[in-house]
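Numbering (the numbering used here), first residue to last: 2 to 519. Working notes for the structure below.
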């Protein structure tokens, strides 16, 4: 934004007045006599102009002159000031979304300036924003504001902290790209990006190598989720032109990422022919290799296709002889992925195993191995989920800054104190058994979900029941709302009696062997 410069009527600048006050030699002011001025301009030393004489020549061309007198019958705008400068006009107004004054140049006559001022004033009145955004908003500033907004939404429980971490990780690749010197020279401001910018960013991502799961010591590999990163960046620019951001980008800005978030590799359909990386036979051998602790941990994961994080927050009260409930608890700062609770039909053998070896001091159904084997004593046992929720709420009240990051830390702390486990504990136990079976590295913990979903499909379980048992988001279409799952146990039993039968048989045999040796 161009600022104003004021001069005293004596024609002296601030530097000249300082010299005058300290009795220093003063530069001679340009004479007001036109003849003397012409003689001075033609003199050999005319190129050595003083600061005051330079400003006298410069000011008539670039000085802002406010228009205060308008033609008869025209009401001047109230929120937008009009200035004339050289052969064009400038508009100036206070922008609430930017918390500063903004200017706009109008090439035309006074009528065009008045019409433009009325458009801006109408937007300021109705939307509290001119809609012109910040003309000099850099790409780094747009990134910083968007991440700050995501962090605020996470603190307000609109999005989960894990979503914030995924978005931030994707946007870090964007920040790395725009921090390159050649990109900064070519695209100084966020509103200047175009299709060439998108293509350059795609090329950057296609050659980018990252560490798997963010581990710094791992061998870098090519980025697989290029489409996801492009989608997150598209969302950032869509937010930049929305009313939620001010908007930060002008109304006429067209998002070049819109409809342009896939690469050739992303569009290539994955070949799903063949077995998952973990087959029924491999899963049966896995169950037969488990000890008491591992069988109690992995039987629900394999037989129900649980996500690896879901066993960490299943409470003892979530289990009865008919159902195993996997539910979210917002009072504890936890929700299931997809925001969908589910209940899973319980078999008598699995119910007996889970209840016979439960830890009475912990309110959690599954605990760490050290707690299960008696090596770790729970100092302050919580006997129910409600008691743990009270402790969590108490910690949040005592902490002045209740950000999502701090609340997540409180939850991990309480689960740790209650003897609970996390993903790393489960993955460590999985790798121990997998190493004993000499499984390939392609077989991961998540492949148990692939096996469960494939088994449901091969057993003929309808899609609505499969989505429910897998814990997937059902969608918002009317057919989803109108369809009630009143045969859940019967549909699940179809898979138990057919495709899942070998798994249940292997589980029963191993549970019986361990009970005899116990």
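Beta carbons are placed, not taken as given, at the ideal position from N, Cα and C, and that holds for glycine. Quick caveat: nothing in here was measured; it's all calculated off a predicted structure.
Quiz prompt | Through-space distance from residue 274 to residue 289, alpha-carbon basis | solution = Their Cα atoms are separated by approximately 28 Å.
Quiz item: In the segment 153-241, which residue ranges form an unbroken alpha helix (DSSP H) of at least 4 residues, counting only runs that do not cross its ends?
Solution: Listed in chain order, they are 162-179, 182-187, 196-207 and 227-241.
Exercise. Determine the DSSP secondary structure at residue 459, reduced to helix, strand or coil.
Key: In the three-state scheme derived from DSSP, where H, G and I count as helix and E and B as strand, residue 459 is classed as helix.
Self-check item: Proximal residues to residue 34 (C-beta, below 8 Å), its chain only, five neighbours per side dropped
Solution: The predicted model places residue 34 with a pLDDT of 42, which falls under 50 and marks its position as unreliable; any figure quoted below should be read in that light. Around residue 34: no qualifying Cβ.
Quiz item: Should the segment 462-469 be regarded as contacting the segment 286-302, the criterion being three or more beta carbon pairs within less than 8 Å?
Solution: Short answer: they don't touch.
Self-check item: Rounded straight-line distance, which links the Cα of residue 329 to that of residue 414
Solution: Inter-residue distance for residue 414 and residue 329 is about 18 Å (C-alpha atoms, whole angstroms).
Quiz item: Can you tell me whether residue 202 is buried or exposed, with buried defined as 16 or more other CB within 10 angstroms of its CB?
Solution: Under this definition residue 202 is a buried residue.
Quiz item: Expressed to the nearest angstrom, what Euclidean distance is found between the alpha-carbon atoms of residue 286 and residue 256?
Solution: C-alpha separation (whole angstroms): 53 Å.
Quiz item: Do residue 311 and residue 472 come within 9 Å of each other at the CB atom, strictly closer than that value?
Solution: Taking 9 Å as the Cβ cut-off, residue 472 and residue 311 qualify as a contacting pair.
Quiz item: If we call anything under 9 Å between Cβ atoms a contact, is residue 369 one with residue 304?
Solution: No. Outside cutoff.
Quiz prompt | Proximity below 9 Å, CB of residue 360 to CB of residue 420 | solution = Taking the C-beta atoms as reference points, residue 420 is found nearer than 9 Å to residue 360.
Quiz prompt | Closest residue to residue 116 among 82, 101, 143 and 147 (Cα-Cα distance) | solution = Relative to the Cα of residue 116, the nearest Cα in the group 82, 101, 143 and 147 belongs to 82.
Quiz item: Quick one: what does DSSP say residue 343 is sitting in, helix, strand or coil?
Solution: Of the three classes helix, strand and coil, the one that applies to residue 343 here is strand, per DSSP.
Practice problem: Taking only the alpha-carbon atoms, compute the straight-line gap between residue 39 and residue 241 and give it to the nearest angstrom. | Solution: Only weak support is given to the placement of residue 39: the predicted model assigns it a pLDDT of 41, under 50, and the value that follows is read from those uncertain coordinates. The straight-line gap from Cα to Cα measures roughly 54 Å.
Practice problem: Output the distance between the C-alpha atoms of residue 102 and residue 174, rounded to the nearest integer angstrom. | Solution: When rounded, the separation of the alpha-carbon atoms in residue 102 and residue 174 is 33 Å.
Quiz item: Ordered along the chain, which non-local residues of its own chain (more than five positions away) have a Cβ less than 8 Å from that of residue 451?
Solution: Contacts found: 277, 278 and 279.
Quiz item: Could you give the distance in angstroms between the alpha-carbon of residue 339 and the alpha-carbon of residue 120?
Solution: Their backbone Cα atoms lie some 44 Å apart in a straight line.
Practice problem: Please report the residue range of the beta strand (DSSP E) in which residue 325 lies. | Solution: Unbroken beta strand (DSSP E) run through residue 325: 324-327.
Practice problem: Specify the secondary structure class of residue 139 as computed by DSSP and reduced to three states. | Solution: In this structure, DSSP gives residue 139 a state outside helix and strand, which the three-state scheme calls coil.
Quiz item: For the segment 90-100 against the segment 126-144, are there 3 or more C-beta pairs whose distance is under 8 Å?
Solution: Enough Cβ pairs lie closer than 8 Å, so yes.
Quiz item: What are the partner residues of residue 103, as DSSP defines its beta bridges?
Solution: BP columns for residue 103 point to 94.
Practice problem: Would you kindly work out how many angstroms separate the C-alpha atoms of residue 384 and residue 363, rounded to a whole number? | Solution: In a straight line, the C-alpha of residue 384 is about 6 Å away from that of residue 363.
Exercise. Output the distance between the C-alpha atoms of residue 200 and residue 230, rounded to the nearest integer angstrom.
Key: In a straight line, the C-alpha of residue 200 is about 14 Å away from that of residue 230.
Practice problem: Measure the alpha-carbon distance for residue 292 versus residue 514 and round it to whole angstroms. | Solution: Near 10 Å, if we compare the C-alpha coordinates of residue 514 and residue 292.
Practice problem: Mind checking which residues open and close the alpha helix (DSSP H) that includes residue 464? | Solution: Counting along the chain, the alpha helix (DSSP H) containing residue 464 begins and ends at 464-471.
Quiz item: Any idea if residue 216 is buried or exposed, counting beta-carbon neighbours within 10 angstroms, 16 or more meaning buried?
Solution: Counting C-beta atoms within 10 angstroms of its own C-beta, residue 216 has fewer than 16 neighbours from the protein chains shown and is therefore classed as exposed.
Quiz item: Nearest-angstrom Cα distance between residue 141 and residue 177?
Solution: Taking the straight line joining both Cα atoms gives about 10 Å.
Quiz item: Looking at the unbroken alpha helix (DSSP H) that takes in residue 505, where does it start and where does it end?
Solution: 502-518 is the span of the alpha helix (DSSP H), which, as asked, contains residue 505.
Quiz item: For the segment 218-234 against the segment 159-171, are there 3 or more C-beta pairs whose distance is under 8 Å?
Solution: Counting Cβ pairs under 8 Å, three or more are found: they touch.
Self-check item: Simplified DSSP state of residue 255, which is helix, strand or coil
Solution: Three-state DSSP puts residue 255 in coil, outside helix and strand.
Quiz item: Can you find at least 3 beta carbon pairs, one from the segment 391-400 and one from the segment 331-350, that sit closer than 8 Å?
Solution: Enough Cβ pairs lie closer than 8 Å, so yes.
Quiz item: Any idea if residue 500 is buried or exposed, counting beta-carbon neighbours within 10 angstroms, 16 or more meaning buried?
Solution: So residue 500 counts as buried.
Quiz item: Between the beta-carbon of residue 219 and the beta-carbon of residue 449, is there less than 9 Å?
Solution: One thing to note: residue 219 has its Cβ no nearer than 9 Å to the Cβ of residue 449.
Self-check item: Beta-ladder partner(s) of residue 320, from DSSP
Solution: Paired residues: 325.
Quiz item: In or out: residue 496 buried (at least 16 other Cβ within 10 Å) or exposed?
Solution: Around the beta carbon of residue 496, 16 or more other beta carbons sit within 10 angstroms, so the residue counts as buried.
Quiz item: Excluding five sequence neighbours on each side, which residues of the same chain lie with their C-beta closer than 7 Å to the C-beta of residue 511?
Solution: The beta carbon of residue 511 sits closer than 7 Å to those of 288, 289, 291 and 296, all from its chain and outside the five residues before and after it, given in chain order.
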